[in-house]
Every structure is written in structure tokens, then in C-alpha cells.
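In terms of our numbering, the sequence shown opens at residue 2 and continues consecutively. We treat Cβ as the ideally placed atom computed from N, Cα and C, and that holds for glycine. Since the model is a prediction, treat every value here as computed from it, not as a measurement.
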Amino acid sequence: MGFFDKIFSGLTKTRKNMQELEALFQDYAPDDEDFYDDLEELLVISDVGGETAEKIVKGMKRLTWERRFRKGHEARAGLIELLTDQLQVGEPELKLNTKPSVILMVGVNGVGKTTTIGKLAHQLKDEGKKVLLCAGDTFRAAAAEQLGIWAERAGAEIVRHEEGSDPAAVVYDGLCAAKARGTDVVIIDTAGRLHNKQNLMNELAKIRRIIDRELPEADVETLMVLDATTGQNGLIQAKQFLDTAGITGIVLTKLDGTAKGGIVFAIADELKLPVKYVGVGEGIDDLIPFDRNNFVTALFKS
Ligand SMILES: Nc1nc2c(ncn2[C@@H]2O[C@H](COP(=O)(O)OP(=O)(O)O)[C@@H](O)[C@H]2O)c(=O)[nH]1
Ligand SMILES: [Mg+2]
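Below, the structure written as C-alpha cells:
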């Protein structure tokens with residue numbers, strides 16, 4: 002299945018909401034306030050978020066006036082353009098030009114960090130890269146084990162320590178191994194929960210300092226993983242990571258399990274960060290590089 006088909010099927014539940022839009026465009030009249038109210042409601046139902054939905058509706062009114070929309074199909078095309086523009090934030094592609102380069106994966110428990118690492122390792126291996134996984138989640142015994150399974154599936158190496166050991170020490174070892182072995186990309190798993198939030202943030206900052214000290218010239222992507230099924234709540238949680246971790250992009254997982262796919266618009270608008278990948282299932286191939294044109298096109302395709 003190609004990326005477009007995957008995003009199309011991953012958006013099945015979200016598209017159900019959006020299909021009601023088609024009915025709106027059928028009875029479209031440019032100065033009908035009900036149209037804009039219904040549009041806003043549908044956006045909110047799809048978890049675009051109140052503020053972002055309001056901005057989109059305002060943008061739609063402006064565009065309607067500027068372009069003199071008269072017909073439903075004109076307004077529909079205008080909305081697609083507006084939504085696609087809305088997703089133009091930062092650089093969607095990973096920048097991993099140095100050898101080694103580093104991907105640091107952060108986010109709360111259960112969002113899909115470890116799974117995403119496995120999928121990403123697999124894609125990078127397919128591109129011919131040598132990949133090393135670093136088991137920085139030492140908080141739970143099962144975490145390194147789970148990462149080990151993914152390393153095997155993806156054909157990547159792994160560096161791990163005992164449960165309860167210092168994550169910063171694992172990261173240090175991982176980076177040293179990468180330098181010694183000619184690794185292309187090191188992917189670091191981290192804990193999503195510690196005894197308290199401040200501990201977690203301190204630990205992430207410490208890991209970050211070790212990367213900067215050991216590999217000062219390296220390209221580092223810090224990806225925050227967000228679970229699409231948690232919608233606006235997930236977004237609030239995510240904001241806690243923003244200051245500490247120096248996030249370069251978002252991975253939005255579990256899009257396949259939710260009608261809340263509109264959250265990508267809230268991410269762009271509120272976090273001002275690019276979505277770099279979306280997860281559409283639990284399998285190794287279920288991670289798609291984010292493409293805003295494909296995303297919006299898939300959303301409106303019936
Ligand atoms: N349906 C679906 N499930 C996912 C996706 N990504 C992760 N999961 C599942 O979410 C659960 C938690 O994932 P895990 O990687 O352990 O999360 P972590 O705690 O952040 O490392 C697992 O059961 C995964 O299989 C996705 O894109 N779609
Ligand atoms: Mg994990």
C-alpha cells in the first residue's frame with residue numbers, strides 16, 4: 002500500500018465527520034451564517050480545537066470575500082487550500098545529515114514512543130542506514146525488552162542496561178558505541194513517566210546535555226510523540242515538554258483508531274511545530290512521513 006492509501010485508510014474515522022461537510026457545500030451560499038456555524042461545529046467535532054476552528058472559519062470568510070466564491074465547489078476548493086496552508090509549519094522531513102545523527106524520542110507513557118522507534122528504525126534501515134537503538138527508558142523492566150524485540154525486527158543494534166540504571170549512562174554508552182561502530186542514526190527511547198514530572202524533565206535535560214557534549218556537531222531531532230486518540234488533552238500534556246526538551250517535530254500516533262484526526266490542525270496552530278510522521282497501526286510499516294497535501298486530500302476524498 003502506498004503512503005496515500007495508508008493515510009486515506011488511517012483517516013477513515015475522521016473522514017466520517019468530514020463527509021458531513023459535503024452536505025454543507027451542497028446547499029452553499031456565500032453569505033449564509035449557518036454555513037459557517039456548521040463548518041465550525043464540524044471542525045470542533047473532528048478535534049481541530051475551538052480557537053483553531055475559529056481561525057479557520059475567519060480565514061474562510063476572508064477567502065470567500067477576496068475570491069468572490071459563489072458556488073459550493075469553489076468554497077470546497079478554498080477550504081482545502083486554507084487547511085493545507087494551515088499545516089505549513091517548519092520542516093516536515095527529518096534532518097539527519099551527520100554521521101552519527103540522533104533522534105531523541107519523548108512523550109508521556111503509552112503514546113507509542115517505543116513502537117514508533119521500531120517503525121522508524123525499519124525505514125532508516127531500508128534507506129541503507131546503520132541504526133542503533135538506545136534503551137533510555139530504564140524505569141520499567143519491560144521497556145528495554147520491548148525495544149529489543151523491535152531492534153530485532155528492524156535489524157538494528159541495541160544498547161541497554163539493567164532496569165533502574167541511570168538513563169544518562171545508557172545514552173552515553175549508546176553514543177560511544179555509535180561513534181566507534183560507524184552508526185548512521187542513534188535513536189534514543191526515553192521514559193514517559195518517572196516519580197514526578199520534574200524528575201522526568203530533569204532527566205530529559207540531562208540526556209540532552211550528554212548528546213550535546215558527546216556529539217556537538219551532530220544533527221539532533223527531538224520528536225515528541227502524541228497519541229491522536231487523546232485529542233485536546235494530549236495537546237495540553239504535550240505543552241509540558243515544550244520548554245525542556247527542545248522539540249523539533251511531532252509524531253502523531255494511533256490516527257487509525259480515532260475520529261480526532263483534526264488534531265493536526267491544532268498542533269500546527271498551537272504548538273507551531275511540524276508533524277513529521279503519523280502512525281496508522283501497530284505494524285512495522287504503519288508509519289507514514291507526513292505530507293500536508295496528501296493529508297488534506299485524503300481527508301476530503303470520498
Ligand atoms: N493502532 C495503533 N496503535 C499504536 C500505534 N502506535 C503505537 N500503538 C500501540 O500503543 C501501545 C503503546 O505503545 P508503546 O510504543 O509501548 O508506547 P510508549 O509507552 O510511548 O513507548 C502499544 O500497544 C502499541 O502497539 C499506532 O499508530 N496505531
Ligand atoms: Mg516505551
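For ligand 1, is there a heavy atom less than 7 Å away from the beta-carbon of residue i?
i, result
"K261", "no"
"D6", "no"
"D287", "yes"
"V281", "yes"
Check whether the Cβ of residue i sits closer than 7 Å to any heavy atom of ligand 2, and report yes or no.
i, result
"T117", "no"
"K255", "no"
"D228", "no"
"K120", "no"
"Q147", "yes"
"K273", "no"
"A144", "yes"
Can you give me the Cβ contacts of residue i inside the same chain, cut-off strictly under 6 Å, excluding the 5 residues immediately before and after it?
i, result
"D174", "V160"
"W151", "G119"
"L88", "A269 and R293"
"T1", "In this structure the chain extends from 2 to 303, so residue 1 is not present and cannot be described."
"R209", "none"
Go through its chain and collect everything with a Cβ distance to residue i's Cβ below 8 Å, but skip five positions before and after it.
i, result
"G282", "G11 and D257"
"R71", "P31"
Round the Cβ separation of residue i and residue j to the nearest angstrom and send it over; I've been treating them as touching at under 8 Å.
i, j, result
"S47", "G263", "3 Å"
"L125", "V186", "5 Å"
"V112", "D228", "4 Å"
"I211", "V265", "The Cβ separation is near 32 Å, so there is no contact."
"A54", "L64", "That pair is no contact at about 15 Å."
Given a threshold of 16 other Cβ atoms within 10 Å of its Cβ, counted over all protein chains shown, does residue i qualify as buried or as exposed?
i, result
"K277", "buried"
"K255", "buried"
"Q241", "exposed"
"A24", "exposed"
"P217", "exposed"
"I237", "exposed"
"D138", "buried"
For residue i, which residues from the same chain have a beta carbon less than 7 Å from its beta carbon, with the 5 sequence-adjacent residues on both sides left out?
i, result
"K56", "D270"
"D287", "K120, G280 and V281"
- Message: Does the structure place the segment 45-61 close enough to the segment 223-237 that three or more beta carbon pairs sit under 8 Å?
- Response: With the cut-off at 8 Å, the segment 223-237 and the segment 45-61 touch.
- Looking at C-beta atoms only, is the number of pairs between the segment 73-87 and the segment 23-41 that lie closer than 8 Å three or more? Short answer: they touch.
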